[in-house]
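These notes are about the structure you will find just below.
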Amino acid sequence: RVAGRTKDFLRTGDGGWLSPGEAVDAVDPGRNSVIDFQVVQKPDRNLDILVVQRDDASAEADRAAVVETLDRIVNPPETPTIRRVDHIPLTPGGKLRTLVAER
61 RVAGRTKDFL RTGDGGWLSP GEAVDAVDPG RNSVIDFQVV QKPDRNLDIL VVQRDDASAE
121 ADRAAVVETL DRIVNPPETP TIRRVDHIPL TPGGKLRTLV AER
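Per this note's numbering, residue 61 is the first one in the sequence shown, and the count goes up by one each step.
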């Protein structure tokens, strides 16, 4: 059971929860062209993924790997969408919310 900040956790297809730490461990930003990322889970449990990336020959393959990883872990109804962005807005406190659940 998750108590408290459930909007910072994603609901998985089997009814479990994915924490921000688990998502970071799975995507492993910095290991490839991905610098930062944010996953937004819509009320229908589908995922929109934002990534900030370095210009790199592997950028497209790295985005595909992020989609495959999160699709496998979260198991949303549809294949996640991914979009490359220049930056991800921070919270008023200056933090990056890795996971955002819109409920």
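The beta-carbon is built from N, C-alpha and C at its ideal position, and this holds for glycine as well. Bear in mind the structure is a predicted one, so any value in this text is a computation, not a measurement.
A residue is called buried when at least 16 other Cβ atoms come within 10 angstroms of its Cβ; Leu150 does not meet this threshold and is exposed. Residue pairing by DSSP places Phe97 opposite Val111 in a beta bridge.
Under the Cβ criterion (8 angstroms, minimum of three pairs), the stretch 148-163 counts as touching the stretch 100-109. Annotation for Arg144: no alpha helix (DSSP H) segment contains it, though the beta strand (DSSP E) segment containing it runs Thr141 to Arg144. Around the beta-carbon of Val94, 16 or more other beta-carbon atoms lie within 10 Å, marking it buried. Taking the Cα positions, Ser79 is about 12 angstroms away from Leu130. Shown here, Ala161 sits in a strand according to DSSP, grouped into three states. Excluding its 5 nearest sequence neighbours in each direction, Pro140 has C-beta neighbours in its own chain below 6 angstroms: Leu107, Ile109, Val127, Leu130 and Asp131, listed in chain order. By the beta-carbon neighbour count (other beta carbons within 10 angstroms, threshold 16), Thr158 is buried.
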